[in-house]
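Report on the following structure.
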Amino acid sequence: MKLDQIELREIQMPLVSFFETSFGRTTQRRILLIRVFSEGVVGFGEATSPEGPFYNHESTGTAWHILRDFVIPRVLRASLQGPADAAALLKPIRGHGMAKAAVETALWDLHARQSGKPLHQLLGGTRRSIDCGVSIGIQDTVGELLGKIEKEVTAGYQRIKIKIKPGWDVDVVREVRSRFPSIVLMCDANSAYSLRDVDLFKRLDEFNLLMIEQPLAWNDIIDHIQLQKAIQTPICLDESILDAEDARKALDSSACRIINIKLGRVAGHTEAKRVHDVCAAHSVPVWCGGMLEAGIGRAHNIAMSTLQNFCLPGDVSASQRYFRSDIIDPEVEVDSHGRIQVLDGPGIGFEPSMKRIEAVTVRSEVVRL
Ligand code: OSB
Ligand code: MG
Numbered sequence: 011m012k013l014d015q016i017e018l019r020e021i022q023m024p025l026v027s028f029f030e031t032s033f034g035r036t037t038q039r040r041i042l043l044i045r046v047f048s049e050g051v052v053g054f055g056e057a058t059s060p061e062g063p064f065y066n067h068e069s070t071g072t073a074w075h076i077l078r079d080f081v082i083p084r085v086l087r088a089s090l091q092g093p094a095d096a097a098a099l100l101k102p103i104r105g106h107g108m109a110k111a112a113v114e115t116a117l118w119d120l121h122a123r124q125s126g127k128p129l130h131q132l133l134g135g136t137r138r139s140i141d142c143g144v145s146i147g148i149q150d151t152v153g154e155l156l157g158k159i160e161k162e163v164t165a166g167y168q169r170i171k172i173k174i175k176p177g178w179d180v181d182v183v184r185e186v187r188s189r190f191p192s193i194v195l196m197c198d199a200n201s202a203y204s205l206r207d208v209d210l211f212k213r214l215d216e217f218n219l220l221m222i223e224q225p226l227a228w229n230d231i232i233d234h235i236q237l238q239k240a241i242q243t244p245i246c247l248d249e250s251i252l253d254a255e256d257a258r259k260a261l262d263s264s265a266c267r268i269i270n271i272k273l274g275r276v277a278g279h280t281e282a283k284r285v286h287d288v289c290a291a292h293s294v295p296v297w298c299g300g301m302l303e304a305g306i307g308r309a310h311n312i313a314m315s316t317l318q319n320f321c322l323p324g325d326v327s328a329s330q331r332y333f334r335s336d337i338i339d340p341e342v343e344v345d346s347h348g349r350i351q352v353l354d355g356p357g358i359g360f361e362p363s364m365k366r367i368e369a370v371t372v373r374s375e376v377v378r379l
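Counting from 11, one number per residue, gives the positions in the sequence shown under this note's numbering.
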């Protein structure tokens, strides 16, 4: 892959409504986009780092620094045979998976466009449509939460995930369950609890949840083993799984029964496929998580979700749920059965709109050797 230059850009877009988790509320996204240029062809990537270091250690600002000063120069200096070589090239940079994934996924898009093939095909995907759920943040009142769930169930989404935190957990889940007795329901704690809360998780067992996502510390696997032993509801790990080795350790030790894969958290498509394969070998299902991505990140998530073992509905949902107007054409749409149809255009299959991207750009830099 002969790379001419790589462009780094920050866009800012307000969310249609705030999104609140146990670690805080987001109202406005600050998102980094990558364009890799090669002999007239351009590949697109998106950094999924949040605004502040509260989900993991990364932020929009750290991603800019790591990309500009380390990831991009390293990629420009290397002579990569193909995008599959990027993960090994970036491995010496410890952590910062979201920064790395922005370039790694852009290289995959570039390669797919150069080959004139859809990215999902190069990744080995087989699914023609993606099953979708929604993630609904903490609301100011339970009434507002019930209203939001009603809206998404009516729209056709296959699974509802609600966020929990101390003070917004068992009682809220009980009210949701009694109002919607038969929906597929799960919750995500984003690491807000510890082993002192085992009894609380035992109480959640009665609500027939599909899974509980990341109940304990963001960097823990060991304590989850003990919690999973004590409860019936499957635990799904998110924050704790950074690569295929983490997945192997978590599954061999029965710390969880489901894993959510996020491209940024695992540093790109190559490692995402490895995590997917480790889970498949353990007969453990995976699903695609989300980080409130704009269209380019969303399109990469869809391509990844075509892999066979993505057999639970993911968090990738319609662009319109997040942004008044997204940066890709067409925007991501979900049908009344809660499915996204996979597109077969070259690369990610959705065309980034440079006009729209320019309109929301706040800074950009082109890096050449
Ligand atoms: O833990 O899955 C998470 C959003 C920001 C940070 C962490 C998480 C989330 C979500 C939203 O749950 C998923 C989405 O709709 O993009
Ligand atoms: Mg999560």
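Every residue gets a Cβ at the ideal spot worked out from N, C-alpha and C, and that includes glycine.
Taking 4 residues as the shortest admissible run, the stretch 208-270 contains the following complete alpha helix (DSSP H) segments, listed from N- to C-terminal end: 208-214, 232-240 and 254-262. Residue GLY135 holds the alpha-carbon nearest to the alpha-carbon of CYS321 among GLY177, GLY135 and GLU68.
Between LEU18 and GLU375 the beta-carbon gap is near 5 Å, inside 8 Å, which marks them as a contact.
The beta carbon of SER346 sits closer than 8 Å to those of ALA165 and GLY166, all from its chain and outside the five residues before and after it, given in chain order.
A distance criterion of 8 Å places the beta-carbon of PRO60 in contact range of the ligand OSB, judged by its closest non-hydrogen atom. Annotation: the stretch 97-167 contains the following complete segments of the alpha helix (DSSP H) (minimum length 4 residues), in chain order: 107-125, 129-133 and 152-165.
The continuous beta strand (DSSP E) containing MET196 extends over residues 195-198. In this structure, LEU100 lies away from MET11, with their beta-carbon atoms at least 9 Å apart. DSSP, reduced to helix, strand and coil, places LYS365 within a helical segment of the structure shown. Here the distance from the Cβ of ASP198 to the nearest heavy atom of the ligand MG is below 8 Å.
Relative to the Cα of ILE159, the nearest Cα in the group PRO176, LEU129, GLY177 and LEU195 belongs to LEU195. Using a C-beta cut-off of 8 Å, the stretch 65-74 makes contact with the stretch 94-111, since at least three inter-stretch Cβ pairs fall below that distance.
With fewer than 16 other Cβ atoms inside 10 Å of its own Cβ, VAL372 counts as exposed.
DSSP links MET23 through a beta bridge to ARG39. By the Cβ-count criterion, GLY157 is exposed, with fewer than 16 other Cβ atoms from all chains shown falling within 10 Å of its own Cβ. In the structure shown, SER48 falls within a strand segment according to DSSP collapsed to helix, strand and coil. Within its own chain, the residues whose Cβ lies closer than 7 Å to the Cβ of ARG349, once the five positions on either side in sequence are excluded, are SER139, ILE140, ASP141 and CYS142, listed in chain order.
Here the distance from the Cβ of ASP248 to the nearest heavy atom of the ligand MG is below 8 Å.
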